[in-house]
Each structure stands twice: as C-alpha cells, then as structure tokens.
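Asker: Residues 60 to 250 (this note's numbering) make up the sequence shown, in order.
Quick reminder that beta carbons are idealized off the backbone N, C-alpha and C, glycines included.
Just so it is clear, the structure is predicted and the values come from calculations on it, not from any experiment.
My structure is below; once you've seen it, I'll send some questions.
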Amino acid sequence: MTLYVGLDASLNETAICVVDQDGQVIREQKAASEPDAIAAALLPFRPQLRLLGVEACAIGGWLQAELTKLGFEIVVIETHHTHVSLSTMRNKTDRNDARGIAQLMRLGWFKVVHVKSAEAQHMRSILGVRKLIVRKLVDTENEIRGMLRGFGLKVGPISRGNFAGRVCHLTEDADVVIQELAIRLLAVRDA
C-alpha cells in the first residue's frame with residue numbers, strides 16, 4: 060500500500076494526515092513542529108510512504124531540509140495554488156488543511172516551491188541584520204540632530220566618523236540634561 064502525507068505546520072504544532080492511494084484517511088494526529096517528532100509520528104508507516112507535502116511557511120523549508128536528512132521524500136508546495144485547491148472545504152482547520160495537502164500529494168495537484176539553500180538563507184539573514192543596524196544608526200543620529208536643533212544647536216553636514224566629536228563640541232556649554240541625553244544617545248549609536 061502506498062501512502063501520502065500532508066503536513067500543516069505552524070510554529071508550535073503540525074497537523075499530520077496520512078492517506079492511502081485511494082484517498083482513505085489512515086491516520087490523523089498532531090505533533091510538535093520538530094522534525095524528530097514528525098518522524099516519530101510517521102515511523103509506523105515509513106516503508107509505505109511515497110511523498111510528504113508541507114505548505115510553504117516560515118518553517119516549511121527547515122522541515123523539508125531536516126526531514127530529508129532523516130530519509131523522507133518531502134516537498135514544499137506553493138501556498139496560493141494550495142489555497143485555491145482547498146478553497147472548496149467548508150471548515151478551514153489545521154486538520155482539514157493537512158488532509159487536503161495529503162490528497163494533493165496523492166493526486167499530484169501541487170506546485171513545488173524552490174527552497175533557498177542554507178548559504179542563501181545565511182546571506183539573506185546577514186544582509187537583513189546589516190540593514191536593520193544601519194537604519195537604527197541613522198535613526199539615532201537623526202534623533203540627536205533633532206533634539207539639538209530644538210535648542211538651537213545645529214550639527215550640520217558632517218561625516219559619520221566626526222559626528223560624535225561634533226555633538227560633544229556643540230553640547231559642551233549646553234545644560235546638563237542635554238549633555239547627558241547626547242552622551243547616552245551617542246553611546247547607543249556606538250554600541
């Protein structure tokens with residue numbers, strides 16, 4: 060008997076549905092959204108498993124990579140195509156979504172999504188973090204400029220390397236509160 064599996068994964072829990080080649084539900088259950096937990100739930104059916112499917116989601120690529128390492132044949136499927144295919148279901152639940160995905164695996168009515176390599180995901184993460192840090196740096200400098208401008212102190216155009224020195228020079232004769240705020244914001248900027 061050939062079996063197909065649909066996984067409806069969320070951050071904490073994954074709904075699992077196993078169907079046979081005729082579309083009969085063999086098992087439905089939930090497991091933690093961890094590769095080992097999902098593999099343990101599928102262990103009794105391992106010899107008969109033909110294909111597992113998981114909808115593209117935040118952890119879909121990770122589950123695919125880890126379950127592949129554990130020897131399962133699994134694909135990540137396109138969400139919009141899946142949504143259209145499952146839109147006829149009355150009740151949208153994790154259980155029903157897993158059942159629908161299992162049926163799509165059985166029928167072959169799915170589109171596989173390209174999952175980025177680990178290296179590509181690392182590079183994207185590095186670039187995202189860099190963008191965040193640069194944005195926060197600019198936000199902090201603009202906050203310092205705006206605060207000082209309210210007291211008639213103008214930083215003006217200056218290089219990033221000379222910014223802290225210019226702010227310290229401008230606030231030498233300012234009141235203690237402005238000096239302290241400038242020092243604290245510069246510390247945040249330089250952190």
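Between Ala179 and Cys76, is the Cβ-Cβ spacing less than 8 Å?
Answerer: Cβ atoms of Ala179 and Cys76: not closer than 8 Å.
Asker: Would you list the one or two residues that DSSP bridges to Arg86?
Answerer: Note: Arg86 sits in a beta bridge opposite Val77.
Asker: Can you name the residues that DSSP bridges to Glu114?
Answerer: Ile136.
Asker: Who are the near neighbours of Arg225 in its chain, counting only those whose CB is closer than 7 Å to its CB and skipping five residues on each side?
Answerer: So the list reads Val214, Ile217, once near-sequence residues are dropped.
Asker: Based on DSSP bridge pairs, tell me the residues matched to Gly65.
Answerer: Answer is Cys76, Gly112.
Asker: Would you kindly work out how many angstroms separate the C-alpha atoms of Thr61 and Asp79, rounded to a whole number?
Answerer: When rounded, the distance between both Cα atoms is 6 Å.
Asker: Who pairs with Val171 in a beta bridge, going by DSSP?
Answerer: Answer is Ile136, bridged to Val171.
Asker: So what does DSSP say about Ala233, is it helix, strand or coil?
Answerer: Reduced to three states, the DSSP call for Ala233 is coil.
Asker: Count the other CB atoms within 10 Å of the CB of Gln162; is the residue buried (16 or more) or exposed (fewer)?
Answerer: That one is buried.
Asker: If you run the structure through DSSP and keep just helix, strand and coil, what is Ala91?
Answerer: Strand at Ala91.
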